[in-house]
Structures are given as structure tokens and as C-alpha cells.
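**Student:** Those protein sequence lines, which keep their order, are chains H and B.
What the first sequence shows, in the working numbering, is residues 2 to 154, in sequence order.
What the second sequence shows, in the working numbering, is residues 2 to 154, in sequence order.
All residues carry an ideal CB built from backbone N, CA and C; glycine is no exception.
2 protein chains.
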Amino acid sequence: MIRITRETDYGIVLLSRLASVPRPGVQAARELASWAGLPYPMASKILKVLARAGLLVSQRGARGGYSLARPPEQISVGDVIAALEGPIGMTECTSAPGQCEQEGHCPVRTRWQEISAAVRDFLQRIPLSELLRSTPLPLLHLERQAAPGQGCP
Amino acid sequence: MIRITRETDYGIVLLSRLASVPRPGVQAARELASWAGLPYPMASKILKVLARAGLLVSQRGARGGYSLARPPEQISVGDVIAALEGPIGMTECTSAPGQCEQEGHCPVRTRWQEISAAVRDFLQRIPLSELLRSTPLPLLHLERQAAPGQGCP
DNA sequence: ACAATCAGGACTGGTAGGGTACACTTTGGC
DNA sequence: GCCAAAGTGTACCCTACCAGTCCTGATTGT
């Protein structure tokens, strides 16, 4: 279904929350969970992973919590997905070579690699900060160019 | 993991095979299966679904088989995915509204809808015929524009 | 008539998503 | 110095769905 998991979805919501408070905004997992309407254990699980991946900084002990490791402009949707689900690839063979026995003679393999790369790049270029803007949106548009490196002037 | 299922992957390979023979190229499921290195029941299952979805035309009886319902330029990767996995959406709420209780106040919902739409469009614009070209590739590129309808001149 | 072929299910095993629980460590505050 | 409030790590369960098989029927060319 070309779908992110629920955990990733939650992760993005939690990060967005952290991105929307003035930095440095340390928030406890319980606060974040209740704000997002998630059971605490679930939120905690996700936050742990995001911290280990380097997207969050954790502060242990009383009055501890989580805060963004980088400004929200420098954390992309792609980063979050990669942290919670592993490398982004539309097919098994694109994310982990050697899985498919057909690899040698598969007629569509290289194309899938290109398609995956395009989607990955696309997600990599959407920062958290953009997710939050409730105002006029820079329309996301997927373009096919005739040649590399020849963007609009 | 933002991944198409194996069935979809197989489906695209099978369709590509049909697209690569001169039309009207009726091929039996057994032939297609052995060509793709798939067990016959698996290939058969997939072909049935693709036929019901209108991407393939089936011919029953002796010397029957499958052929493309439309020229390969008019069948897109998005069509195949939709046929085998249902509507394309990166999150549950984008492909089937009403699933998420948070829908009303989810801060990132509209953005996901845009992102999903962009990916869906992108896949919708890659025809089977393109997957087969082994020659210089029109680079796939996902672009973000400032405004709609203002592509390169 | 018969064999080749597709159609439509039912059925099964495995794995990953989604969620919970618990024992442990760290740290601020009194 | 102790306690409570945090995060850490790991183990665990359950369910759904992916991946794959099998069987019984309906068509149709020869």
C-alpha cells in the first residue's frame, strides 16, 4: 500500500509537537503522549527510537524529557521514516540488494531503483517545519525532467 | 516501509512481459509464470486480479491467455499498484477517511494528503512502456514548485 | 468429447505491525 | 541521602495481512 506505519505516523506527530514549541523545548513523554492522544507506552517506545536515531535529545531523571536534536528545518519526513522503518525503498531489492534471486535478469530493476530514489529524495526534502505551516502551501509537485541538473532558472 | 508488496512487484514484471511482445500478444499464465521464474499458482492469482481490474483481457479455453487491455503507454505503475493493493495513500487517513479518531485536530493531516497525492500522481505518470526502456532514461525527478501550473517554459 | 485454460474460492504458515509490561538507571528536589 | 519523576532496554503478546498453495468449476479451441 506504499504506506508508512502507524508508528511512523505517530512519530511525525510527536516531532511536530516538539517543533511547534519554542526551542529548547524539553517535554516529557507523558505530556507528549497525552497531547497526541496516544497511550504513554506507545509514545515512549517511539520517542526512544527517535532519540537513538539522533533526531531527539533525551534528558533523563526528574524534569527530564525530549527535545529536538536539530532545528525543525533540518529534520525531514524522510529522516523520520528512515529512523522508524529503515531505509526507504519501494521494493525489497532496492532497499537491500541480494534479496531477490531474479536480480540479475530482472527487466524492471533499475527503474525501481530510480523510482525509489525519487520518492526518497522527495521525502527527504520535506522538513518538519513545512508540515506545520497552516498557511498557503508551496504546492508539492512531482516533476519529470528531461535531463539531470537542469532545473528551472 | 513504504514498500509495494511482492505481488505487486510480480504483477509489474508480468505486465512488462506482456508489454514487450508485439500486440495483440496473448500469453498463457503458465508461459508468463515460467518466464518470470514464478510458481504458476502465484502468477495465476495475480493475473486474475489484474484482469478483474481491467488492466488485462483474458481469453478462456484452449489457446487462451492474457493480453494487455490497453497499450503499454496507457497503463501506469500507479494503476498496477492500485489494482493489487487498493488506493495509494501514505497514511491510513489519506486512503480511507474516517479511520482516524484524531482526524479533526491532527496537525499534519492536510500535509500528508498533499504528500500522498504527489506520490500518487508521480506513480500514475510512469507508464509500463517507460519501465522497459533500457536506453537513456528521462530522469525521474520529484520537484517542488512554488505554485501550480507554472512549470518550466 | 477432451484437454487446455481461466475463474473463484478456501485454506495455511509466517512475519511484522501494533501494543503492553516490567525491571533498571539517571537525576532533580527536599 | 532519599525519593519520586523521568528515560532505557527488553521481553512479550496478539492480530492482521502477506505470500503461497490447492481444489473445484466454467469456457472454448481442436
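Is there at least one Cβ from chain H nearer than 7 Å to S17(B)'s Cβ?
**Tutor:** As a working note, residue 17(B) is residue 16 in the second sequence. Yes, its Cβ sits closer than 7 Å to a Cβ of chain H.
**Student:** Could you spell out the range, first to last residue, of the beta strand (DSSP E) harbouring Q60(B)?
**Tutor:** Stepping through the second sequence from its first residue, residue 60(B) is reached at position 59. Q60(B) -> beta strand (DSSP E) spans L57 to Q60.
**Student:** Could you spell out the range, first to last residue, of the beta strand (DSSP E) harbouring G12(H)?
**Tutor:** Taking the first residue of the first sequence as 1, we reach residue 12(H) at position 11. Premise fails: G12(H) lies in the alpha helix (DSSP H), R7 to S21, not in any beta strand (DSSP E).
**Student:** Which of the residues in the stretch 44-74 of chain B, read from start to end, lie with their CB under 8 Å from any CB of chain H?
**Tutor:** Within the stretch 44-74 of chain B, contact with chain H at the beta-carbon level (separation under 8 Å) is assigned to no residue.
**Student:** Please list the partners that V22(H) has in chain B, where partner means a Cβ-to-Cβ separation under 9 Å.
**Tutor:** Taking the first residue of the first sequence as 1, we reach residue 22(H) at position 21. Simply none; closest approach about 12 Å.
**Student:** Please list, in chain order, all residues of the same chain as P40(H) whose beta carbon is under 8 Å from its beta carbon, the five residues on each side excluded.
**Tutor:** Taking the first residue of the first sequence as position 1, residue 40(H) is located at position 39. Correct list, in chain order: A34.
**Student:** So G66(H) is in the beta strand (DSSP E); what residue range does that whole segment cover?
**Tutor:** Stepping through the first sequence from its first residue, residue 66(H) is reached at position 65. First-last of the beta strand (DSSP E) with G66(H): G66 to L69.
**Student:** Please determine, among K46(B), R53(B) and Y11(B), the residue with the shortest C-alpha to C-alpha distance to P36(B).
**Tutor:** Here residue 36(B) refers to the residue found at position 35 of the second sequence. The question names Pro, but residue 36(B) in the sequence shown is Trp. Here the closest residue by C-alpha is Y11(B).
**Student:** Quick one: does R110(H) have its CB under 7 Å from some CB of chain B?
**Tutor:** By 1-based counting over the first sequence, the position of residue 110(H) is 109. By this cut-off, R110(H) is not an interface position.
**Student:** Decide if the stretch 41-48 of chain B is in contact with the stretch 113-133 of chain H; the criterion is three or more beta carbon pairs, one per stretch, under 8 Å apart.
**Tutor:** Short answer: they don't touch.
**Student:** Return the first residue and the last residue of the alpha helix (DSSP H) that L39(B) is part of.
**Tutor:** Here residue 39(B) corresponds to residue number 38 of the second sequence, with the count starting at 1. Unbroken run through L39(B): none, as it is neither H nor E.
**Student:** Does any residue of chain H have a CB that is nearer than 7 Å to the CB of L129(B)?
**Tutor:** Reading the second sequence from its first residue, position 128 is the one you call residue 129(B). False, the Cβ-Cβ gap to chain H never drops below 7 Å.
**Student:** Report, in whole angstroms, the separation of the C-beta atoms of I13(B) and V109(H), which I expect to be a contact under 8 Å.
**Tutor:** Working through the second sequence from its first residue, we reach residue 13(B) at position 12. Working through the first sequence from its first residue, we reach residue 109(H) at position 108. With 8 Å as the limit, I13(B) and V109(H) qualify as a contact, their Cβ atoms being about 6 Å apart.
**Student:** For V14(B), go through chain H and note every residue whose CB falls closer than 9 Å to its CB, in chain order.
**Tutor:** Along the second sequence, read from residue 1 onward, the residue named residue 14(B) stands at position 13. The contacting residues are Q103, C107, P108 and V109.
**Student:** Along the alpha helix (DSSP H) that carries V77(H), what are the first and last residues, could you check?
**Tutor:** Mapped onto the first sequence, residue 77(H) falls at position 76. For the sequence presented, residue 77(H) should be read as Ser rather than Val. Premise fails: S77(H) is in no alpha helix (DSSP H) and is neither H nor E.
**Student:** Under the rule that 16 or more other beta-carbon atoms within 10 Å means buried, what is R112(H), buried or exposed?
**Tutor:** For the purposes of this step, residue 112(H) is taken as the residue at position 111 of the first sequence. So R112(H) counts as buried.
**Student:** Would G79(H) be called buried (16 or more neighbouring beta carbons within 10 Å of its own) or exposed?
**Tutor:** Position 78 of the first sequence holds residue 79(H). Under the 10 Å beta carbon count, G79(H) is surrounded by 16 or more other beta carbons and is classified as buried.
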